[in-house]
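Numbering (UniProt numbering), first residue to last: 1 to 178. Here is the structure we will look at.
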Amino acid sequence: MAKYRKLGRTSDQRKALLRNQVTNLLYHGKIVTTETRAKEVRKIADGLIAMAVKEKDNFETVKVMAKVPRKDADGKRVKEVVDGKKVTVYDEVEKEIKKDAPSRLHARRQMLKVFYPVKEVPAAAAGKKKNTKNVDMVEKMFTEIAPKYVDRNGGYTRIVKIGPRKGDAAMEVVLELV
């Protein structure tokens with residue numbers, strides 16, 4: 001028996017399809033797809049969630065000194081002339097950052113291999129580049145999704161059949177996070 005379904009696609013198309021569906025499932029919380037695709041997506045998504053749950057609190061908070069450019073009232077960088085050249089003025093600021101443990105860093109990189117970049121567009125500015133922001137899916141996994149499933153041992157997704165598709169009678173299902 002095969003270890004995975006080929007879904008009637010070449011390997012690069014299949015990987016792209018599964019990455020896209022896993023990203024959308026974890027971003028939106030549910031997707032509608034065919035039953036065989038859902039079973040493949042479920043394997044990948046459950047593995048990623050399990051990884052996030054395991055490494056959720058595996059970091060330490062560290063204080064570091066950082067150089068930050070000084071800004072004026074308009075939000076533009078302040079420049080001063082040094083030796084006839086305009087140079088940006090920097091301030092030393094103490095920041096707290098999360099330093100991942102090696103196992104969490106590995107988990108983060110494994111997730112990044114699967115997720116596609118996600119842009120969030122506000123409803124008011126639909127269709128415009130302005131006001132869009134990039135969503136850090138890995139951070140969302142560690143901060144939003146993993147805490148929901150801490151006390152659960154697997155089975156993070158649910159497949160609900162919704163009936164055959166009109167065009168080709170393929171069984172459609174809703175794949176959702178529990």
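Heads up, the beta-carbon is just placed ideally off N, CA and C, and yes, glycines get one too.
(Q) Rounding to the nearest angstrom, what Cα-Cα distance links A50 and K85 in this structure? (A) For the purposes of this step, residue 50 is taken as residue 50 along the sequence shown, with counting starting at 1. For the purposes of this step, residue 85 is taken as residue 85 along the sequence shown, with counting starting at 1. Each residue's alpha carbon lies about 54 Å from the other.
Let's see if you can read the secondary structure: which residues bound the alpha helix (DSSP H) around K3? Position 3 of the sequence shown, counting from 1, holds the residue named residue 3. Segment: none, K3 is in no alpha helix (DSSP H) and carries neither H nor E.
Review point. Within 10 angstroms of its Cβ, does M171 collect 16 or more other Cβ (buried), or is it exposed?
Key: Locating residue 171 in the sequence shown gives position 171, where the first residue counts as 1. With fewer than 16 Cβ atoms within 10 Å of its Cβ, M171 is classed as exposed.
TODO: Measure from the alpha carbon of T34 to the alpha carbon of each residue in G8, K99, A2, K148, then state which is nearest.
DONE: One-based indexing of the sequence shown puts residue 34 at position 34. Here the closest residue by C-alpha is G8.
Taking a contact to mean a Cβ-Cβ separation below 9 Å, would you say V93 touches V62 in this structure?
To locate residue 93, count along the sequence shown from 1; it is residue 93. To locate residue 62, count along the sequence shown from 1; it is residue 62. Remark: C-beta atoms of V93 and V62 do not approach each other more closely than 9 Å.
Review point. CB-CB under 8 Å to K79, same chain, minus the five flanking residues each way: which ones, in chain order?
Key: As a first step, residue 79 must be located in the sequence shown, where it is residue number 79. Excluding positions up to five away in sequence, the list reads K86, V87, T88, V89.
DSSP beta-bridge partners for A66?
The count along the sequence shown starts at 1 and reaches residue 66 at position 66. Note: A66 sits in a beta bridge opposite V93.
- Buried/exposed call for T10, threshold 16 Cβ in 10 Å: Taking the first residue of the sequence shown as 1, we reach residue 10 at position 10. With fewer than 16 other Cβ atoms within 10 Å, it is exposed.
Review point. Which residue from T36, E144, D72, M111 puts its Cα closest to that of residue 179?
Key: The displayed coordinates of the chain run from 1 to 178. Any statement about residue 179 would go beyond what the structure contains.
inquiry  = Spatial neighbours of residue 189 within its chain, please: C-beta separation below 7 Å, excluding the five flanking residues on both sides.
reply    = As shown, the chain starts at 1 and ends at 178. That puts residue 189 outside it, with no answer to give.
Next item on the list: Could you please give me the residues that DSSP links to M137 through a beta bridge?
Entry: Start at 1 with the first residue of the sequence shown, and residue 137 comes out as number 137. M137 pairs with nothing; no bridge assigned.
Report task. Answer yes or no: do N131 and V118 have a C-beta to C-beta separation smaller than 9 Å? Result -> For this step, residue 131 is matched to residue 131 along the sequence shown. For this step, residue 118 is matched to residue 118 along the sequence shown. No Cβ-Cβ contact shorter than 9 Å links N131 with V118.
**Unbroken stretches of the beta strand (DSSP E), 3 residues or longer, contained in the region 30-88** = DSSP runs (the beta strand (DSSP E)) wholly in the region 30-88: 30-34, 59-69, 79-82, 85-88.
Check whether Y156 and V135 have beta carbons under 9 Å apart: Residue mapping note: residue 156 aligns to position 156 of the sequence shown, counting from 1. Residue mapping note: residue 135 aligns to position 135 of the sequence shown, counting from 1. Contact flag unset, no.
Quiz item: How many whole angstroms separate the CB atoms of Q21 and V41, which I take to be in contact at a CB cut-off of 8 Å?
Solution: As a position in the sequence shown, residue 21 is number 21, starting the count at 1. As a position in the sequence shown, residue 41 is number 41, starting the count at 1. The C-beta distance from Q21 to V41 rounds to 5 Å, short enough to fall under 8 Å.
- Beta-carbon separation of T23 and Y149 under 9 Å? The residue given as residue 23 occupies position 23 in the sequence shown. The residue given as residue 149 occupies position 149 in the sequence shown. No, Cβ-Cβ distance for T23 and Y149 is not below 9 Å.
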